[in-house]
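To start, the structure itself, in structure tokens.
Here it is, written out as structure tokens:
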């Protein structure tokens, strides 16, 4: 019985078949060797990048002599504004440092009015967060959140400020231009706030950080109900008169009626929140949701395939009880309007109006 002859593979054929892998190995080895011999242009420089943010022209004047001191108490004081992740050569994730040409405290001093009459006080920068918020339905763009406080000579807090500024995304706008505009708006707002009456404002009792917010919207409809649960981490906005929020990190939507059930776990949303008083908020929601449907077999013998999809637009107007600097349970009530694009109207009504009742908890 003769043995089966195995085909012979030459080195040239093997190299040709794995040419892409070999080139990748050579590239990685070259980068590693280069980084080992050159600290200046080695591995640390390959995995990090720097984006210089230039401030508006009115923020680059000579620093005046002020009776007020400015101190930077951020985790990374100096010219660094933050770090974001970008893709180098479209595929390799690297850290990009957002930096100013000078320290942040020195740049802020140039924007402050020279007629400040608070000798001995210090303006402290506690937090500045620059990030791209893609969650809102309409106002996606770069966002600045932060906190500053004014302390007297004895170290007591006289006033604190919670900041939130947004720049709507523009086509082909460079990130450094949007961030520079944000920084200019914040510095101008801070300069204006220092000349206002600071004795009428309450100081926040909590450390400035993202707060956990969980809420469940219960919507009572003529034929069934909707449960919409949301969990998010939001920057504090107790001092703001009006602000917006996008879709939270997690959302679970369930619709139950005698004819069908709807499911969805992600949506695009925008919430407009307006401070009506120290205890009450006004809330307007607009959401766009995609999900799936299931039907009661006792009601339908057959449905077209397009009716399996859920495409829904939701509108909410509500009044919410949530005092400033609130911790714990809150509630609101209002009206809900659904516009069902899919399923088709002969299967599910196109418009559905319901009563909204919400219970939630906020943990600063």
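In this note's numbering, the protein residues as written are 4 to 367.
For each residue, glycine too, the CB sits at the ideal point set by N, CA and C.
Helix, strand or coil for residue i per DSSP?
{"i": "residue 243", "result": "coil"}
{"i": "residue 195", "result": "helix"}
{"i": "residue 183", "result": "helix"}
{"i": "residue 178", "result": "helix"}
{"i": "residue 310", "result": "helix"}
{"i": "residue 58", "result": "coil"}
{"i": "residue 110", "result": "helix"}
{"i": "residue 189", "result": "helix"}
{"i": "residue 29", "result": "helix"}
{"i": "residue 285", "result": "strand"}
{"i": "residue 301", "result": "coil"}
{"i": "residue 6", "result": "Because residue 6 sits at a pLDDT of 48, beneath the cut-off of 50, its placement in the model cannot be relied upon, and the following sentence gives the value as read from the coordinates. If DSSP states are grouped into helix, strand and coil, residue 6 belongs with coil."}
{"i": "residue 131", "result": "strand"}
{"i": "residue 105", "result": "coil"}
{"i": "residue 250", "result": "coil"}
{"i": "residue 162", "result": "strand"}
{"i": "residue 351", "result": "coil"}
{"i": "residue 220", "result": "strand"}
{"i": "residue 154", "result": "strand"}
{"i": "residue 121", "result": "coil"}
Between residue i and residue j, what straight-line distance do the alpha-carbon atoms span, to the nearest angstrom?
{"i": "residue 341", "j": "residue 158", "result": "53 Å"}
{"i": "residue 357", "j": "residue 267", "result": "19 Å"}
{"i": "residue 359", "j": "residue 113", "result": "49 Å"}
{"i": "residue 81", "j": "residue 239", "result": "24 Å"}
{"i": "residue 29", "j": "residue 131", "result": "42 Å"}
{"i": "residue 367", "j": "residue 164", "result": "16 Å"}
{"i": "residue 214", "j": "residue 303", "result": "46 Å"}
{"i": "residue 221", "j": "residue 138", "result": "23 Å"}
{"i": "residue 236", "j": "residue 298", "result": "35 Å"}
{"i": "residue 79", "j": "residue 348", "result": "56 Å"}
{"i": "residue 224", "j": "residue 116", "result": "56 Å"}
{"i": "residue 121", "j": "residue 199", "result": "12 Å"}
{"i": "residue 45", "j": "residue 111", "result": "With a pLDDT of 46 at residue 45, under the threshold of 50, the modelled position of that residue is not reliable, and the figure given next carries that caveat. If you take the alpha carbons of residue 45 and residue 111, they lie about 34 Å apart."}
{"i": "residue 135", "j": "residue 147", "result": "9 Å"}
{"i": "residue 64", "j": "residue 84", "result": "Caution is warranted here: a pLDDT of 49 is assigned to residue 64, below 50, making its placement in the model unreliable, and the coordinate value is therefore given only provisionally. Between residue 64 and residue 84, the C-alpha separation is close to 20 Å."}
{"i": "residue 207", "j": "residue 328", "result": "7 Å"}
{"i": "residue 260", "j": "residue 314", "result": "17 Å"}
{"i": "residue 257", "j": "residue 306", "result": "20 Å"}
{"i": "residue 355", "j": "residue 246", "result": "28 Å"}
{"i": "residue 269", "j": "residue 167", "result": "25 Å"}
{"i": "residue 343", "j": "residue 295", "result": "12 Å"}
{"i": "residue 104", "j": "residue 201", "result": "32 Å"}
{"i": "residue 241", "j": "residue 219", "result": "21 Å"}
{"i": "residue 152", "j": "residue 282", "result": "23 Å"}
{"i": "residue 228", "j": "residue 190", "result": "47 Å"}
{"i": "residue 133", "j": "residue 226", "result": "45 Å"}
{"i": "residue 364", "j": "residue 324", "result": "11 Å"}
{"i": "residue 351", "j": "residue 291", "result": "17 Å"}
{"i": "residue 203", "j": "residue 209", "result": "19 Å"}
Flag residue i as yes if its beta-carbon sits less than 8 Å from any beta-carbon of chain D, otherwise no.
{"i": "residue 222", "result": "No chain D is part of this structure, which consists of one protein chain only."}
Residue i and residue j look like a contact to me (Cβ under 8 Å); what is the Cβ gap, rounded to whole Å?
{"i": "residue 97", "j": "residue 55", "result": "Going by Cβ atoms, the distance from residue 97 to residue 55 rounds to 16 Å, so no, they are not a contact pair."}
{"i": "residue 169", "j": "residue 144", "result": "6 Å"}
{"i": "residue 142", "j": "residue 171", "result": "6 Å"}
{"i": "residue 99", "j": "residue 52", "result": "4 Å"}
{"i": "residue 197", "j": "residue 119", "result": "6 Å"}
{"i": "residue 129", "j": "residue 211", "result": "6 Å"}
{"i": "residue 230", "j": "residue 217", "result": "Rounded, the Cβ-Cβ distance is 13 Å, inconsistent with contact."}
{"i": "residue 362", "j": "residue 332", "result": "7 Å"}
Name the one or two DSSP bridge partners that residue i has.
{"i": "residue 255", "result": "232"}
{"i": "residue 168", "result": "147"}
{"i": "residue 343", "result": "315"}
{"i": "residue 89", "result": "97"}
{"i": "residue 207", "result": "Note: residue 207 sits in no beta bridge, so no partner."}
{"i": "residue 238", "result": "Paired residue(s): none; residue 238 is not in a bridge."}
{"i": "residue 79", "result": "Its beta-bridge partners do not exist; DSSP assigns none."}
{"i": "residue 331", "result": "365"}
{"i": "residue 357", "result": "339"}
{"i": "residue 1", "result": "Nothing can be reported for residue 1, as the shown portion of the chain is limited to 4 through 367."}
{"i": "residue 200", "result": "Note: residue 200 sits in no beta bridge, so no partner."}
{"i": "residue 295", "result": "266 and 312"}
{"i": "residue 227", "result": "224"}
{"i": "residue 215", "result": "236 and 366"}
What do you reckon, is the C-beta of residue i under 7 Å from a heavy atom of the ligand GTP?
{"i": "residue 241", "result": "The model on display carries no ligand, and the ligand GTP is accordingly not part of it."}
Does the stretch 119-126 touch the stretch 145-159, meaning 3 or more C-beta pairs lie closer than 8 Å? yes
Taking one C-beta from the stretch 275-286 and one from the stretch 297-310 each time, how about it: are there three or more such pairs within less than 8 Å? no
Can you find at least 3 beta carbon pairs, one from the stretch 279-299 and one from the stretch 313-327, that sit closer than 8 Å? yes
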